[in-house]
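See structure below.
In the numbering used here, the protein residues as written are 1377 to 1475.
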């Protein structure tokens, strides 16, 4: 509805009962738990800004491909104090903004 931003979700009482017949937002988190295994290389923690423009598989493929491309430069990045995780996070943000 254009009224909701993630940072406001928990405080906007106008979007919650009893004013509206159906709650627009909830202060009850939707939580899932997944056990990580040795086969898991990374996790992607993101908000609607990414998930509104990219599905799970697209994000995983983008990160996986970028990890492969960055692998030859890992020592150099480490020596420069640059974090691969931060580079990948920025890449996801930039991709989301382009879309």
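Ideal placement from N, C-alpha and C gives every residue a C-beta, glycine not left out.
Predicted model, so just to flag it, every value in this text is computed and none were measured.
request  = Look up residue 1443 in the DSSP assignment and say whether it is helix, strand or coil.
outcome  = The answer is helix: DSSP assigns residue 1443 an H, G or I state.
ask   = Over what stretch of residues does the alpha helix (DSSP H) that includes residue 1456 continue unbroken?
value = Taken as a continuous stretch (DSSP letters only), residue 1456 belongs to no alpha helix (DSSP H), as it is neither H nor E.
key: Buried versus exposed call for residue 1426 [16 or more other C-beta atoms within 10 Å across all chains shown]   = Buried is the call here.
task = Give a single yes or no on whether residue 1436 has its beta carbon closer than 8 Å to a heavy atom of the ligand GTP.
result = Inclusion of the ligand GTP in the displayed structure is not the case, the ligand content being empty and no account of it being possible.
key: Endpoints, alpha helix (DSSP H) assigned at residue 1411   = Note, residue 1411: premise wrong, no alpha helix (DSSP H); not H, not E.
query = Can you tell me whether DSSP reads residue 1432 as helix, strand or coil?
reply = Three-state DSSP puts residue 1432 in a helix.
query = Starting from residue 1320 and walking both ways along the alpha helix (DSSP H), at which residues does that stretch end?
reply = The structure shown does not extend to residue 1320, since the chain spans only 1377 to 1475, so no value can be given for it.
request  = Give the secondary structure of residue 1419 by DSSP, where H, G and I count as helix, E and B as strand, and everything else as coil.
outcome  = In this structure, residue 1419 counts as coil in the three-state DSSP scheme.
ask   = Is it the case that the Cβ atoms of residue 1460 and residue 1443 are separated by a distance below 9 Å?
value = For residue 1460 and residue 1443, yes; Cβs fall inside 9 Å.
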